[in-house]
Every structure is written in structure tokens, then in C-alpha cells.
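Asker:
Residue numbers (the working numbering): 9 to 618.
(1) What residue range does the alpha helix (DSSP H) around residue 579 cover?
(2) From what residue to what residue does the beta strand (DSSP E) around residue 239 run?
(3) Which same chain residues end up closer than 6 Å to residue 242 when comparing Cβ atoms and leaving out the 5 residues on each side of it in sequence?
(4) What is the DSSP secondary structure of residue 121, counted as helix, strand or coil?
(5) Using CA atoms only, rank isn't needed, just tell me which of 237, 383, 209 is closest to residue 244.
(6) Please check the pair residue 348 and residue 310, which I expect to be a contact at CB under 8 Å, by giving their CB distance rounded to whole angstroms.
(7) Which first and last residues belong to the beta strand (DSSP E) in which residue 60 is found?
(8) Where do the N-terminal and C-terminal ends of the beta strand (DSSP E) with residue 327 fall, by residue?
(9) Does the contact criterion of 3 or more C-beta pairs under 8 Å hold for the stretch 562-570 versus the stretch 594-607?
(10) Let me check one thing: in DSSP terms, what residues is residue 228 bridge-paired to?
(11) Compare the Cα-Cα distances from residue 219 to each of 239, 316, 234 and report the closest residue.
(12) State buried or exposed for residue 266, treating a residue as buried only when at least 16 other CB atoms are found within 10 Å of its CB.
(13) Specify, as a first and last residue, the run of the alpha helix (DSSP H) that residue 544 falls within.
(14) According to DSSP, residue 563 sits in a beta bridge with which residue or residues?
(15) Does residue 495 come out as helix, strand or coil in the three-state DSSP assignment?
(16) So, under 8 Å CB-CB, residue 72 and residue 97 are touching, yes? Tell me the CB distance rounded to an integer number of Å.
(17) CA-CA distance, residue 68 and residue 383?
(18) On the three-state DSSP scale, how would you describe residue 322?
(19) Our contact map puts residue 335 next to residue 316 with C-beta atoms below 8 Å; I'd like the distance itself, whole angstroms only.
(20) Is residue 307 helix, strand or coil by DSSP?
(21) Using DSSP with H/G/I as helix, E/B as strand and the rest coil, what is residue 378?
(22) Keeping to the same chain, check which residues put their C-beta closer than 6 Å to that of residue 524; ignore five residues upstream and five downstream.
(23) Return the Cβ separation of residue 173 and residue 64 in integer angstroms, given the expectation that the two are a contact with Cβ distance under 8 Å.
(24) Ordered along the chain, which non-local residues of its own chain (more than five positions away) have a Cβ less than 8 Å from that of residue 376?
(25) Quick check on residue 484: does DSSP put it in helix, strand or coil?
(26) Is the beta carbon of residue 419 closer than 9 Å to that of residue 381?
(27) Buried or exposed: which applies to residue 303, given that a residue is buried once 16 or more other Cβ atoms fall within 10 Å of its Cβ?
(28) Grab the span of the beta strand (DSSP E) containing residue 284 for me, first residue to last.
(29) Per DSSP, which one or two residues make a beta bridge with residue 390?
(30) Would you call residue 362 buried or exposed, if buried means 16 or more other Cβ atoms sit within 10 Å of its Cβ?
(31) Is residue 205 helix, strand or coil when you go by DSSP?
(32) If you follow the beta strand (DSSP E) that residue 342 is in, where does it begin and where does it stop?
(33) Would you check if the distance between the CB atom of residue 199 and the CB atom of residue 254 is smaller than 9 Å?
(34) Quick one: residues in its chain with C-beta nearer than 6 Å to the C-beta of residue 131, no 5 flanking neighbours on either side, listed in chain order?
(35) Would you identify the three-state DSSP class for residue 163, choosing helix, strand or coil?
(36) Using DSSP bridges, identify the partner residues of residue 175.
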């Protein structure tokens, strides 16, 4: 027995070692390149015991400029106390893309650890060169990977950055799925994009979850090569017929553009020679023609698409008061969330409960697909043989442009007499207003509390009655008085600014505190200066433009501020201005300025007399 266990363990270790150490040859290259561009083609094998590398035949679409060059890699890392060693060999080619088209690079082969292995094949799309005005200066070989085609300081046009809104269908039937895609095209260094999506009237809208990490790809469009990105995708189901419009959408892009300047110091003082430029782009509107469905049958489920229907029952032989469960499953693609729940017509004296519905839907570029499961629970109260009729599900099939009806099987149910007196049980508790007489003259009794009122006892003329008039009137008068007082105080703009001076300064200092924590030096000192000057301006009701270090002493002295506090304020301004350029410990200097500024504002609030 011990020998058997040892052999099994040895076999498991051997299989795991073989699986972990499986030798592979992996080919890698860009998916899209531009005609005339150079790129790398690599073949990597995860072993160094290799020989007889056979490169694929590259005769069409590409020119081999160099290769293969062989390099070895070695690395190790530890997982859960176990050291894993990685050894690999890489063969590298430098290729140049030729004419536009889509080309396949066949698999390579190699002998590794006594075994011949093959790599994966690759498909590379070659785009034609840019047909831009600067093609003579090398632009024809440029790709859309950066903003190098965008001249420094030049105007960003609608051909450099734009958004297209496209629908996969513009003529559809009512409730037919439409894929709406917003695709971004860019040749600039786009850093941020904001949009305000309008409400799509007349459509049931479901957004497709796209990856949070956006991945750019290249595309040739109207003579130029662009970085493209699918920004938003929606699946729309039109809820009305006629001409519907998907309105245009406005986007605001923030672009990093190189500054056109001959001053070399702009690199240091203007964000590395770049500035942020805002560009408003508008995605065009899309018109959709919605055709009505043909005359709808009486049992139409509201489904439009392609569906299937199955059913199952938990048992066909039960006893009275035992539960019978029938499950319906609707699978398919279409307006799954808008389907009407089909009904099962149970025999009259079954107690029926509300169905349990479970949805498992997936929204993708193929529409909404998934399953809708409806589980019905009924309890037979009388013995006998019963027939549960089939369930019909009628939908509009888009492939045949006609209505189709799916039907489940009928179930024959045998109910044997169980314990208890079933004759005294009221059937169909889901509709208690339909009174039944079963076996004996017992009828359904209306439930609920009943309130009685003494004869001659009325609400009219009582104290409570008059209080309903008096209390709102008193509240209204109090509101008018408070409102008028507040309006008179707000009319004095200078007084309002003076009262709010400390609050505004406190908010600015809080923001400065956040910038201090993030170690943003320039933004921190700018915010502290705004807080100091803004506080004095609001408190004394003097515009900032009229304040200076030369006249501030006289202005503060008029309001009873001591010479010592005035000197501290001037010193705080100087410290804030000099600290950003001072050498030494930046954090210590920023902390010192921040603490001193808060202390100055606090003392000034108590000293200024109004």
C-alpha cells in the first residue's frame, strides 16, 4: 500500500514538472504597421537547450533588413518559498513593411530539448502611408502613434481629432437591436476626453461594458493613419416607429501640444515644453428608420430576435398539498429584458404562487444574449388526474420576418389524496376576490382592520380642524420675516464679502494642504498666495489689483491692525514668494509657510475691526 502511494505521488510530481517545464516557441509582432515602417519580429523559446532554428519564409509584404540576431535571457524568482528559474532564447528580425494589405507570417520551428516545436503564425495588417500635406518631409512614413505629425503650436483641426457615431443598421423593425458605436480618431497627444451623453428618446438603451484600460489601434481613414479607440458602445431597442434621431454628442478633449518657442528655458518653466490645449469635437447625429411590426397576434410575447423554449416539471405524481414546480427556460438573442413572462394555466383549484424569474443576460457587440428562467410553483388541493396545458411563446423572427410560436409539452399530473381535509381549502389564493364554494358553504372572509366612528363625531369645527389653518399661516409669516431680513443683509455686498472672507480663505488653505501632501510645490505656493491676498481683499473690501506691499500697511492700520501683525503678514507673503526658489528641504519650507499662513489669517480675523 505504501509503495502504491509513493508511486502515485511520484507520478503526480513528474506530470506537474512536465507541465511547468513545457517548451514553447512564441512569435510576436505588431498587429498593424504602416507601409515603409520598420518593426521587430521575435521568436522566443523558453529553453536554452536549442538548435536548428528554422525561420519562416518571408517573401511577400515585408523586406528583411536584419536578422536573425540571437540573445539569451536568464531570470529567477521565488513563489511560496520555491525558486523558479526562467531561461529563454530570442531570435529577432527587423522587417520593413511593403505594400498595403494583410499578410500572414508562417510558423517557425526549432529543436529544443530533443523535440521539434513550432511557433504560432502571425497576421500583420499593413496600412498605406499618410497622404498629408507634409508627406514630402517624411510624413508619409509616419504612423499615428504620437503627435509627431502635429507641428508645435499649430492649430488642431477637425481632421486631427474627431469622433464618429455609427449604427450597424439604419433601417430596423420595432424592438430590433441596433449597435451604436462612438469611435475616436486621433493624430495628436490626447490626454483626457469628457462627454455629456444625451438621453436617447424613443430607445431602450443598454451600454456595453468596455475594458477600463483603453487600447489604441491603428486605422487608415480617408488618406490618413489614425490612432483609433472605441469610446462607447450601446445596444438600442427602438420603442416607437417612424423616423428616430440619435442626437449629436459634444466631447471636450485635452491635448498636450508642444510649445512653439525658441526660448530653451520654456522646457523647464512650461511643463517640459508642452501646454494643454482644449478641443471641442462633435459626433454627428444618426437617423434611424423604424418599421412597424406586422399585425401582432393576440399571444405576442413582445420578443423580437431569435429564441428557443424548453420546460421541465419536478414530478408528475404527487399528493395533495405537495408542491409542483414547472420551469420554463427561454434562450436566445434579442430584446431579452423586454419579454413578457409567459403564463401557465393550472387547473382551477390549484393554489398558485407568483413565478420566480431569474435572468442571465450578456450585452455585447452581438446584442443582448442569454437565458430567462421562469419557475412556477403550484399546490394541488384535491386528488385526481389533471392536465397542465402547453405554454405558447410567440415572437417575431428577424431572419424570416415573420411570427413564430414555440410550444412546450403538456403534462399529465396524477394527484393522490394526502393528509388533511382538502375540501375545506380555498383554491387560487392569488385572486381572493373570486369567491369559491368548495364542498361546504365556506366563503372567503375579507381580511383587514375595521374602524368605527361614533355617531355625530365629526372633525369639522374641532380644535384640530382650526389648527390645520393656523399653523401654516404662522409658519408663512415667520418665513416672510426671516426672508426679508436675509435679503436686506445680502443687499450689502461689501458686508457679505467681509463675513465670507474667512470661509473663502479657509477653503483655499484646505486645498493648499492637499497640494502640500501631494508635494506639488508650485501649485501649493500659488494657492497660499491666493488665500492671503484674497482674504485681505475681501475683508477690507478692496480689489486685489489696488493692493500692494507698499500700501497694505496703511490700509490695515485703518482697521486697527497692529504694526507687528502687519509686519508678520508682509513677511508671510515674502516667505511664500521666495520659498519656491529657495534651496534646501522643500517639505520643511512648505510646512513652515503653511503653518505661518494659517496663523496669520487667524490673528488677522481677530484684529480687523469692522
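We put the CB at the ideal spot given by N, CA and C, even for glycine.
Answerer: Checking against the coordinates, here is how it stands:
(1) Taking the first residue of the chain shown as 1, we reach residue 579 at position 571. From DSSP, the alpha helix (DSSP H) with residue 579 extends over 571-587.
(2) Indexing the chain shown from 1 puts residue 239 at position 231. Run containing residue 239: 232-246, per the beta strand (DSSP E) assignment.
(3) What you label residue 242 is simply residue 234 of the chain shown in a count that begins at 1. Once the five neighbours on either side are set aside, the close Cβ partners of residue 242 are 188, 213, 215.
(4) Working through the chain shown from its first residue, we reach residue 121 at position 113. Reduced to three states, the DSSP call for residue 121 is coil.
(5) Translated into the one-based positions of the chain shown, residue 244 becomes position 236. The candidate whose alpha carbon is nearest that of residue 244 is 209.
(6) Within the chain shown, the letter at position 340 stands for residue 348. Within the chain shown, the letter at position 302 stands for residue 310. Yes, they are in contact, since the Cβ atoms of residue 348 and residue 310 sit about 5 Å apart, within 8 Å.
(7) Here residue 60 refers to the residue found at position 52 when the chain shown is read from its first residue. It spans 58-62 - the beta strand (DSSP E) in which residue 60 sits, taken as one unbroken run.
(8) Along the chain shown, read from residue 1 onward, the residue named residue 327 stands at position 319. 325-327 is the span of the beta strand (DSSP E), which, as asked, contains residue 327.
(9) no
(10) The count along the chain shown starts at 1 and reaches residue 228 at position 220. Answer is 233.
(11) As a position in the chain shown, residue 219 is number 211, starting the count at 1. The residue with the shortest Cα to Cα distance from residue 219 is 239.
(12) Locating residue 266 in the chain shown gives position 258, where the first residue counts as 1. Burial call: buried.
(13) In the chain shown, counting from the first residue as 1, residue 544 sits at position 536. Looking at the DSSP string, the run of the alpha helix (DSSP H) that includes residue 544 is 529-548.
(14) Mapped onto the chain shown, residue 563 falls at position 555. In DSSP, residue 563 forms no bridge with anything.
(15) To locate residue 495, count along the chain shown from 1; it is residue 487. Residue 495 falls in the helix class under three-state DSSP.
(16) Counted from its first residue, the chain shown places residue 72 at position 64. Counted from its first residue, the chain shown places residue 97 at position 89. So it is not a contact: roughly 19 Å between Cβ atoms.
(17) The residue labelled residue 68 in the question sits at position 60 within the chain shown. The residue labelled residue 383 in the question sits at position 375 within the chain shown. Using only the alpha carbons, I get a separation of about 60 Å.
(18) Reading the chain shown from its first residue, position 314 is the one you call residue 322. The answer is coil: DSSP assigns residue 322 none of H, G, I, E or B.
(19) Numbered from 1 along the chain shown, position 327 holds the residue referred to as residue 335. Numbered from 1 along the chain shown, position 308 holds the residue referred to as residue 316. Their Cβ separation, rounded to whole angstroms, is 14 Å, which puts residue 335 and residue 316 out of contact at 8 Å.
(20) Your numbering for residue 307 matches position 299 in the chain shown. Residue state, collapsed to three classes: coil.
(21) Your numbering for residue 378 matches position 370 in the chain shown. It is a strand residue.
(22) Reading the chain shown from its first residue, position 516 is the one you call residue 524. For residue 524, where only same-chain residues beyond five positions count, the Cβ hits under 6 Å are 532, 598, 602.
(23) Here residue 173 is taken as the residue at index 165 of the chain shown, counted from 1. Here residue 64 is taken as the residue at index 56 of the chain shown, counted from 1. No, residue 173 and residue 64 are not in contact; Cβ-Cβ is about 41 Å, not under 8 Å.
(24) Looking up residue 376 in the chain shown gives position 368. Closer than 8 Å at Cβ, skipping near neighbours: 185, 214, 243, 341, 342, 343, 344, 345, 369, 370.
(25) Reading the chain shown from its first residue, position 476 is the one you call residue 484. Three-state DSSP puts residue 484 in a helix.
(26) Here residue 381 is taken as the residue at index 373 of the chain shown, counted from 1. Here residue 419 is taken as the residue at index 411 of the chain shown, counted from 1. Not a contact, by the Cβ cut-off of 9 Å.
(27) Here the question's residue 303 lines up with position 295 in the chain shown. Exposed.
(28) Translated into the one-based positions of the chain shown, residue 284 becomes position 276. Start and end: 282-291.
(29) Position 382 of the chain shown, counted from the start, is the residue given in the question as residue 390. Answer by DSSP bridge pairing: none, since residue 390 is not bridged.
(30) Within the chain shown, numbered from 1, the residue matching residue 362 stands at position 354. Burial call: exposed.
(31) The residue you call residue 205 lines up with position 197 of the chain shown. Residue 205 falls in the coil class under three-state DSSP.
(32) As a working note, residue 342 is residue 334 in the chain shown. Residue 342 -> beta strand (DSSP E) spans 332-342.
(33) Here residue 199 refers to the residue found at position 191 of the chain shown. Here residue 254 refers to the residue found at position 246 of the chain shown. No. Outside cutoff.
(34) Taking the chain shown and counting its residues from 1, the one referred to as residue 131 is at position 123. Excluding sequence neighbours, residue 131 sits near 112.
(35) Translated into positions along the chain shown, residue 163 becomes position 155. Residue state, collapsed to three classes: coil.
(36) Position 167 of the chain shown, counted from the start, is the residue given in the question as residue 175. DSSP lists 188 as partners of residue 175.
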